[in-house]
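Which chain is which? The protein sequence lines are V and D, in order.
In this text, residue positions in the first sequence follow our numbering: the first is 1, and each later residue adds one.
In this text, residue positions in the second sequence follow our numbering: the first is 1001, and each later residue adds one.
Think of the CB as a built atom: it goes at the ideal place given N, C-alpha and C, for glycine as much as any other residue.
One structure is given below, encoded as structure tokens.
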Amino acid sequence: MLAKLRSLVGTFGYLNAAIYAFDRLGEHLGGNIEACRMHIVAQRIPPGPWLRPGRGDSFHVELLGPERLAELPDTVSRTRALHRWSSGIECLAIFKDRRCVGYIWVAHDHYDEELTCVRFAPVPAGTGAFLLDLFILPEYRASLVLPRLWDETFRFLRERGRLWIAEAVSVLNVSSVNFHRSMKATFLGHVIFLRVGPLQVMISNLSPRCRITLQKKEHITLPLWCPACPAGKGSL
Amino acid sequence: MTLPNIEENVCRALSLALDRPIRAGEEVRREQEPRWDSHNHVELLLSLEDMFEVTFSDDEIPRLTSLAAIVGMVAEKRRGLG
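Below, the structure is given as structure tokens:
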């Protein structure tokens, strides 16, 4: 146990290891305690694709609606998926031989995070989109699925006039953090969320920096400014 | 291009991707290299395609997970070009 804790501290640092330990403890105690810390990252949508034309053509990307829920891998809960669709969030899914091998969700205006009760809102409105829950089946992770899905997502957003994307990435998801670093994403800040029974605490280095509430349904808005926009100005 | 030439160039690209020196003949496997993540894997193979003027198929890319496998595949494709 101690060795595991030491290794966690070594990998993630004291703060993140403590948050992780707190969350695991909550799981053991029946789920009334939750904790997480997320990096908020952003990047400009590039003008062109990652892959050359014709590459990755054995995979194709489709916009999936709730009527095709059964085609999604069971890594996303059915209730959560239906809730996302009903909130206007869209799902881009990537297929290989008619099998869905990955997906990503696109929130066009804002995203009400289910765990943290934070509304991530890219601003200025209409310029950015919030991406969430990028998933690729393990056996396809070292293939062209990732760049193909990434290219199609960016093409989809460019066609809708979006210029940049934001995401929340768990600090414990090392591969995702590394991926965003390699993609030259800008780290805008972080959010720490703690829940003990009905009490919720949010701490962030982004404004508004702190919120303590007992209201489970109430989302606090965290405006995410386009990295090239000086905060408060709104010009691109 | 000879097999040692191919291996030398693959080692150079792999050294850059993994941020450590890689010698010809060394046993390098993806599962033993923390820096050889999915993103690095794709970037490495796309850069090798440009370097050797070959194309790996969508099904070959996930299988090229060691120095030996990459060198073997490049050599095979280069022979096909000749």
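Nearest-angstrom beta carbon gap, residue j and residue i [assumed within contact, 8 Å]
i, j, result
"V:F130", "V:Y103", "Between V:Y103 and V:F130 the Cβ distance is about 15 Å, and since that is not below 8 Å, they are no contact."
"V:I94", "V:R148", "6 Å"
"V:L144", "V:G56", "4 Å"
"V:F12", "V:L115", "Contact doesn't hold; Cβ gap of about 18 Å is too wide."
"V:Q200", "V:C117", "6 Å"
Coil, strand or helix - residue i by DSSP
i, result
"D:R1078", "helix"
"V:G234", "In this prediction, V:G234 scores a pLDDT of 37, lower than 50, which makes its location untrustworthy; the coordinate-derived value is nonetheless stated afterwards. Of the three classes helix, strand and coil, the one that applies to V:G234 here is coil, per DSSP."
"V:F135", "strand"
"D:F1056", "coil"
"V:A42", "strand"
"V:D74", "coil"
"V:A125", "coil"
"V:P223", "strand"
"V:T213", "strand"
"V:E218", "coil"
"V:L69", "helix"
"V:I104", "strand"
Residue interval of the alpha helix (DSSP H) (run including residue i)
i, result
"D:A1017", "L1003 to L1018"
"V:R158", "V145 to E159"
"V:W85", "R78 to S86"
"V:V174", "V174 to S182"
Identified DSSP bridge partners for residue i
i, result
"V:Y20", "Answer is none; V:Y20 lacks a bridge partner."
"V:H60", "V:F95"
"D:E1026", "BP columns for D:E1026 are empty, so no partner."
The ligand HEM heavy atom lying under 7 Å from the CB of residue i
i, result
"V:T116", "Here there are no bound small molecules, and the ligand HEM is not part of this structure."
N- and C-terminal bounds of the beta strand (DSSP E) containing residue i
i, result
"V:R195", "T186 to V196"
"V:S207", "Neither: V:S207 is in no beta strand (DSSP E) and is coded neither H nor E."
(request) Pull out every residue of the region 79-113 of chain V whose Cβ sits closer than 7 Å to any Cβ of chain D, in chain order. (result) Per Cβ criterion, the list is empty.
(message) By the 8 Å beta-carbon criterion, what residues does the region 1027-1043 of chain D contribute toward chain V?
(response) The region 1027-1043 of chain D vs chain V, Cβ under 8 Å: R1030, D1037, S1038, H1039, N1040, H1041, V1042 and E1043.
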